[in-house]
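**Student:**
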Amino acid sequence: MAPTTHYTDDLRLAHLLADQADSITLRRFRAQDLEIGTKADRTVVSDADTAAEEAIRRTLGQARPRDAIHGEEGEDSGYGPRRWIIDPIDGTANFVRGVPVWATLIALSHEAHIKVGLVSAPALGRRWWACAGQGAHTGRSLLQHQTMRVSSVPVIGEAFVSYSSLHGWVDSGRGRQFGNLLRTAARTRAFGDFWSYMLVAEGTVDIATEPELALHDMAAIDVIVREAGGLFTSLDGDPGPYGPGALATNGLLHEVVLEILGPDEDPEDSLIIRRRARGA
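Residues 1 to 280, numbered by the numbering used here, are exactly what the sequence shown covers, in order.
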């Protein structure tokens, strides 16, 4: 395993890549001539998505020619233990409607373990990042930042839950379980996409979860949440950004949330889980 300090230069590069992407996406945000299309999976894509990813790929090709690249909009390239994972615009649906909640997600994995993650939301004026073993941070640059830490809320009856939408939960067959989670929590809001998870890392929100996400949606937020002291797993409890879905918590709440969102149980078991979640 490579030493932790090996990834410091990669984190600096991630910031450079984010700067490049920000200049492209901000310029195209709310542009009158923005080109919008629909992909095979019926999700929207804009010319800003493709332009930002192409710019990131060009720079990586020059700066890290031996590294593999996985991006949302382009074909996978390269091979080997190191792989950059790119989502040029997480929240494209917001982007094309003029909602400022969208971000570029950049991650670096080494033998399937995420070592560097960066989330840049230029329309919000926010950036978050983490490097394995060096904590999670937010700020405008490596020189101007503050350390993040997850909350210490101990029970779901006092917790704040953020999510994206309800449709995916129904389609995934966990709609009832998700409803149980929302009813048990003290507060719920649909901040959506990357922002839910960054709020967990900041300690503002205690739980963030979605049922259907791809690797490029999860890779960067995985290491940021973990380095802030939280847990990031699939909905089945497997560590890492490989699904199905994602659950991020402050760690204290993780086990009981997994129980609530798990496979169907009989009504009596469901009642027991909800009572335990409330600390009863």
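Note that CB positions come from ideal geometry on N, CA and C, so glycine has one too. Treat the numbers as computed from the prediction; the structure is a model and nothing was measured.
#1: Return the bridge partner residues of W128 from the DSSP annotation.
#2: Work out the CA separation of I224 and P154 for me, nearest whole Å.
#3: Would you mind reading off the limits of the alpha helix (DSSP H) that contains I56?
#4: Which value, in whole angstroms, describes the spacing of the CA atoms of A306 and L118?
#5: Under the assumption that K115 contacts Y197 (Cβ atoms under 8 Å), give the Cβ distance between them as a whole number of angstroms.
#6: Going by CA-CA distance only, name the one from L261, V161, C131 and A40 that's closest to F191.
#7: Please list the terminal residues of the continuous alpha helix (DSSP H) segment that includes T43.
#8: Buried or exposed for H167, please, with buried defined as at least 16 other CB atoms from any protein chain shown within 10 angstroms of its CB.
#9: Whose CA, out of I221, A130 and V170, lies closest to the CA of R12?
#10: Pick from I207, W169 and G135: whose alpha carbon is nearest that of T184?
#11: What span of residues does the beta strand (DSSP E) with G71 cover, start to end?
#12: Count the other CB atoms, across all protein chains shown, that sit within 10 Å of the CB of S164; report buried if there are 16 or more and exposed otherwise.
#13: What three-state label does DSSP hand S162 in the structure shown?
#14: Is R149 near A228, with beta carbons less than 9 Å apart?
#15: Run through the region 213-240 for me and flag every whole beta strand (DSSP E) of 3 or more residues, listed as ranges in chain order.
#16: Please classify S23: is it buried, with 16 or more other beta-carbons within 10 angstroms of its beta-carbon, or exposed?
#17: Thinking C-beta only, is S120 closer than 9 Å to T92?
#18: Which of helix, strand or coil does DSSP assign to W102?
#19: How big is the Cα-Cα spacing for E202 and G135?
#20: Between which residues of its own chain and Q146 is the CB-CB distance below 7 Å, once the five residues before and five after are set aside?
#21: D222 and P241: beta carbons closer than 9 Å?
#22: Measuring CA to CA, which of R174, T204, E259 and T188 is closest to E212?
#23: Only counting the same chain, and skipping five residues up and downstream in sequence, which positions put a Cβ closer than 7 Å to that of G78?
#24: State the DSSP-derived secondary structure class of P81, mapped to helix, strand or coil.
**Tutor:** Looking at the atomic coordinates:
#1: Working through the sequence shown from its first residue, we reach residue 128 at position 128. BP columns for W128 point to V119 and T138.
#2: Counted from its first residue, the sequence shown places residue 154 at position 154. Counted from its first residue, the sequence shown places residue 224 at position 224. Roughly 21 Å separates the two Cα atoms.
#3: In the sequence shown, the residue the question calls residue 56 occupies position 56. Per DSSP, I56 is one residue of the alpha helix (DSSP H) stretching across D47 to A63.
#4: This structure gives no information on residue 306, because the portion of the chain shown stretches from 1 to 280.
#5: The residue given as residue 115 occupies position 115 in the sequence shown. The residue given as residue 197 occupies position 197 in the sequence shown. Not a contact, Cβ separation roughly 18 Å.
#6: Along the sequence shown, one-based indexing puts residue 191 at 191. Distances from the alpha-carbon of F191 to those of L261, V161, C131 and A40 put V161 closest.
#7: On the sequence shown, residue 43 is found 43 positions in, with the first residue counted as 1. First-last for T43: undefined, no H or E at that position.
#8: Within the sequence shown, residue 167 is the residue found at index 167, counting from 1. So H167 ends up on the exposed side.
#9: Counting from 1 along the sequence shown, the entry for residue 12 is found at position 12. Selected option, being the one with the closest Cα: A130.
#10: Here residue 184 corresponds to residue number 184 of the sequence shown, with the count starting at 1. Closest option to T184, Cα to Cα, is I207.
#11: Counting from one through the sequence shown, the residue named residue 71 turns up at place 71. Where G71 is concerned, the enclosing beta strand (DSSP E) starts and stops at A68 to G71.
#12: Sequence index remark: in the sequence shown, residue 164 carries index 164 (1-based). S164 comes out buried.
#13: Working through the sequence shown from its first residue, we reach residue 162 at position 162. In the structure shown, S162 sits in a strand (DSSP, three-state: E or B).
#14: Working through the sequence shown from its first residue, we reach residue 149 at position 149. Working through the sequence shown from its first residue, we reach residue 228 at position 228. Their beta carbons are under 9 Å apart, which means R149 touches A228 by this criterion.
#15: The DSSP assignment places complete beta strand (DSSP E) segments of no fewer than 3 residues inside the region 213-240 at 231-233, in order along the chain.
#16: Taking the sequence shown and counting its residues from 1, one reaches residue 23 at position 23. With fewer than 16 other Cβ atoms within 10 Å, it is exposed.
#17: If you number the sequence shown from 1, residue 92 lands on position 92. If you number the sequence shown from 1, residue 120 lands on position 120. Going by C-beta atoms, T92 is not nearer than 9 Å to S120.
#18: Position 102 of the sequence shown, counting from 1, holds the residue named residue 102. DSSP places W102 in coil when its eight states are reduced to three.
#19: Reading the sequence shown from its first residue, position 202 is the one you call residue 202. Reading the sequence shown from its first residue, position 135 is the one you call residue 135. Their Cα atoms are separated by approximately 12 Å.
#20: Taking the sequence shown and counting its residues from 1, the one referred to as residue 146 is at position 146. If we look at Q146 and ignore the five residues flanking it on each side, its Cβ neighbours are H137, T138 and G139.
#21: Residue mapping note: residue 222 aligns to position 222 of the sequence shown, counting from 1. Residue mapping note: residue 241 aligns to position 241 of the sequence shown, counting from 1. P241 sits close to D222, with the two beta carbons spaced by under 9 Å.
#22: Mapped onto the sequence shown, residue 212 falls at position 212. It is R174 whose Cα lies nearest to the Cα of E212.
#23: By 1-based counting over the sequence shown, the position of residue 78 is 78. Only D67, A68 and I69 meet the Cβ criterion.
#24: The residue you call residue 81 lines up with position 81 of the sequence shown. Taken through DSSP and simplified to helix, strand or coil, P81 comes out as coil.
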